[in-house]
Amino acid sequence: FRHTALMEAGLYLHIPFCKSKCAYCDFASFAGQEGNMAAYAEKVQQEIRQKAEKYPGTTLSTLFIGGGTPSLFPAEKMDKVLTCIHQHFRFHPDAECTCECNPGMVTKAFLQMLRRQGINRLSFGAQCAQPHLLNMLGRIHTWEDVCSSVSLARECGFDNINLDLMLGLPGQTEQDVLETLEKALALSPTHLSCYGLIVEEGTVLARQVEKGLWHLPDEETERREYALCRHLLLEKGFMQYEISNFALPDFHCRHNLDCWRRKEYIGIGSAACGLMGNVRWQNPPSLQDYLNDVPASEEIISKEDAMFETMMLGLRTMEGVSEERFEKMHGISLQKVYGEKLQKPLQEKLVQWQNGYVRLTETGLSLQNRVLVELM
Numbered sequence: 021f022r023h024t025a026l027m028e029a030g031l032y033l034h035i036p037f038c039k040s041k042c043a044y045c046d047f048a049s050f051a052g053q054e055g056n057m058a059a060y061a062e063k064v065q066q067e068i069r070q071k072a073e074k075y076p077g078t079t080l081s082t083l084f085i086g087g088g089t090p091s092l093f094p095a096e097k098m099d100k101v102l103t104c105i106h107q108h109f110r111f112h113p114d115a116e117c118t119c120e121c122n123p124g125m126v127t128k129a130f131l132q133m134l135r136r137q138g139i140n141r142l143s144f145g146a147q148c149a150q151p152h153l154l155n156m157l158g159r160i161h162t163w164e165d166v167c168s169s170v171s172l173a174r175e176c177g178f179d180n181i182n183l184d185l186m187l188g189l190p191g192q193t194e195q196d197v198l199e200t201l202e203k204a205l206a207l208s209p210t211h212l213s214c215y216g217l218i219v220e221e222g223t224v225l226a227r228q229v230e231k232g233l234w235h236l237p238d239e240e241t242e243r244r245e246y247a248l249c250r251h252l253l254l255e256k257g258f259m260q261y262e263i264s265n266f267a268l269p270d271f272h273c274r275h276n277l278d279c280w281r282r283k284e285y286i287g288i289g290s291a292a293c294g295l296m297g298n299v300r301w302q303n304p305p306s307l308q309d310y311l312n313d314v315p316a317s318e319e320i321i322s323k324e325d326a327m328f329e330t331m332m333l334g335l336r337t338m339e340g341v342s343e344e345r346f347e348k349m350h351g352i353s354l355q356k357v358y359g360e361k362l363q364k365p366l367q368e369k370l371v372q373w374q375n376g377y378v379r380l381t382e383t384g385l386s387l388q389n390r391v392l393v394e395l396m
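Take the sequence shown: its letter number 321 is residue 341 in our numbering, and every next letter is one higher.
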């Protein structure tokens, strides 16, 4: 890959530390590792310098700090890491800079430091309003913590706030979903991410489901909850711009949207992935391996795989896949590559092709995998 000077990219920074591991989580996150935070901050700064040297002249259009629980990281250490990023990368004047936070685990000092460092968007993992469901998920916050954390964020000057919510939980009713949505909307967020639960192999929740301790809702119940969510949020002025994401006008998450458009981004930290040109890499998921300088795994993406990824990711968005952007990115028309394979989904009214975009229909939103099988 040859770097183009003054190229724009995103940057993802992974903070893998957690107070406790949630029952559904299969991310690279670690509880009880606070003793490694100082070494991690130093290692991350070293990687920032290395990546800046490898991709000189890069201007960051977005920054996303995820985890783990970034708000668990001490303010003075996060301050040094963010200072290092600013010292080695340019930022677009209108850059979107997001930090994930756990409700009940943010301090005024931490939020004030984020504001000084140019962070202008927060994302809170609220998940649901019902104590028994939060407990089932292994979450250690309450809805009162969500309210107080959002209030503190506003006091510190943040007005672009996302809440993550979950659907399809064991024992969750449509009334629970409605109550959670109403309580979330009462906090005046600019963005809501409403994710369907995926029970990942090897998690605590997966073992509990296997033992029969929890029973997952059937597909029809999940669809009703999703439809309820879409209907209410659209009624309240939120625009759906991706399968799971809703935003007030001009408040979509640009970092995630860039990922769905398959734009380039630099990954920093344990388990972080990056995509530059036709090279994708992932840093070692193990915290100790990352601290011990185990190199990242790298993959050269074939032209065929890159085109399929463009379709797979783009079809998650409401705008769909742009013919013009596809041809500019891959040097071949979308019609030539996928025209024939799209005939069946078009006939089944799972996708529509109009005004230069291929996008999922309302029916296709819940049957995306069927479309992808055809494209493969």
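Glycine residues also receive a C-beta, built at the ideal position from the N, C-alpha and C atoms. Keep in mind that this is a model prediction, so the values were computed, not measured.
Within the chosen definition, does the segment 253-270 reach the segment 324-341 through at least 3 CB pairs nearer than 8 Å? Verdict: yes, contact present.
Where H272 falls, given that 16 or more other Cβ within 10 Å makes a residue buried: The residue you call residue 272 lines up with position 252 of the sequence shown. Classification of H272: buried, given that the 10 Å Cβ count is 16 or more.
Grab the span of the beta strand (DSSP E) containing C119 for me, first residue to last. Counted from its first residue, the sequence shown places residue 119 at position 99. Looking at the DSSP string, the run of the beta strand (DSSP E) that includes C119 is R110 to C121.
Per DSSP, which one or two residues make a beta bridge with M259? In the sequence shown, the residue the question calls residue 259 occupies position 239. For M259, which the question treats as bridged, DSSP gives the partners A267.
Give the secondary structure of I68 by DSSP, where H, G and I count as helix, E and B as strand, and everything else as coil. Translated into positions along the sequence shown, residue 68 becomes position 48. If DSSP states are grouped into helix, strand and coil, I68 belongs with the helices.
Distance check for A129 and G52, CA to CA, integer angstroms please. Reading the sequence shown from its first residue, position 32 is the one you call residue 52. Reading the sequence shown from its first residue, position 109 is the one you call residue 129. Computed Cα separation, rounded: 23 Å.
Can you tell me the Cα-Cα spacing of Q150 and E199, whole angstroms? In the sequence shown, residue 150 corresponds to position 130, counting from 1. In the sequence shown, residue 199 corresponds to position 179, counting from 1. Taken atom to atom, the span from the alpha-carbon of Q150 to that of E199 is near 9 Å.
By the DSSP assignment, the beta strand (DSSP E) with E447 in it spans what residues? With the chain covering 21 to 396 only, the question about residue 447 has no answer from this structure.
For N276, which of helix, strand or coil comes out of DSSP? Residue mapping note: residue 276 aligns to position 256 of the sequence shown, counting from 1. The DSSP-derived three-state label of N276 is helix.
Mapping DSSP to helix, strand and coil, what is S169? In the sequence shown, the residue the question calls residue 169 occupies position 149. Helix, per DSSP.
Boundaries (first-last residue) of the beta strand (DSSP E) holding A292: The count along the sequence shown starts at 1 and reaches residue 292 at position 272. Segment: none, A292 is in no beta strand (DSSP E) and carries neither H nor E.
Span of the alpha helix (DSSP H) around N155: On the sequence shown, position 135 is the one that residue 155 refers to. Run containing N155: P151 to L157, per the alpha helix (DSSP H) assignment.
Could you name each continuous alpha helix (DSSP H) segment of 4 residues or more that falls completely within the segment 40-98, going from the start of the chain to the end? Complete alpha helix (DSSP H) runs here, min 4: 57-74.
Three-state secondary structure assigned by DSSP to Q308: Indexing the sequence shown from 1 puts residue 308 at position 288. Collapsing the DSSP output to three states places Q308 in a helix.
Would you say R141 and C176 are within 7 Å of each other, going by their C-beta atoms? Along the sequence shown, read from residue 1 onward, the residue named residue 141 stands at position 121. Along the sequence shown, read from residue 1 onward, the residue named residue 176 stands at position 156. Cβ atoms of R141 and C176: not closer than 7 Å.
Per-residue burial, N180 [other beta carbons within 10 Å of its own, 16 or more giving buried]: As a working mapping, residue 180 is identified with position 160 in the sequence shown. Counting Cβ neighbours within 10 Å, N180 comes out buried, since at least 16 surround it.
Proximal residues to R22 (C-beta, below 7 Å), its chain only, five neighbours per side dropped: As a first step, residue 22 must be located in the sequence shown, where it is residue number 2. Note that R22 scores a pLDDT of 41, beneath 50, so its modelled location is shaky and nothing firm can be said.
Under the three-state DSSP convention, the category T337 falls into: Here residue 337 refers to the residue found at position 317 when the sequence shown is read from its first residue. Looking at T337 - three-state DSSP - the assignment turns out to be strand.
Can you tell me whether Q372 is helix, strand or coil according to DSSP? For the purposes of this step, residue 372 is identified with residue 352 of the sequence shown, where counting begins at 1. When DSSP states are grouped into helix, strand and coil, Q372 belongs to the strand group.
So, C46 versus E242, is the Cβ gap smaller than 7 Å? Translated into the one-based positions of the sequence shown, residue 46 becomes position 26. Translated into the one-based positions of the sequence shown, residue 242 becomes position 222. The sequence as given places Asp at residue 46; Cys does not occur at that position. D46 is not a Cβ neighbour of E242, given a cutoff of 7 Å.
In this structure, how does DSSP classify I160 when only helix, strand and coil are distinguished? Residue 160 sits at position 140 when you count from the first residue of the sequence shown. Correct three-state label for I160: coil.
Assess, as a yes-or-no matter, whether the segment 100-109 is touched by the segment 298-308 under the definition of 3 or more beta carbon pairs within less than 8 Å. At 8 Å Cβ cutoff, the stretches do not touch.
Given K369, which residues of its chain have a CB within under 7 Å of its CB, disregarding the five upstream and five downstream residues? Here the question's residue 369 lines up with position 349 in the sequence shown. Counting only Cβ-Cβ distances below 7 Å, and skipping sequence neighbours, we find T381 and T383.
Do the segment 233-251 and the segment 303-320 meet, that is, are 3 or more Cβ pairs less than 8 Å apart? Note that the segment 233-251 does not touch the segment 303-320; fewer than 3 beta-carbon pairs, one per stretch, sit closer than 8 Å.
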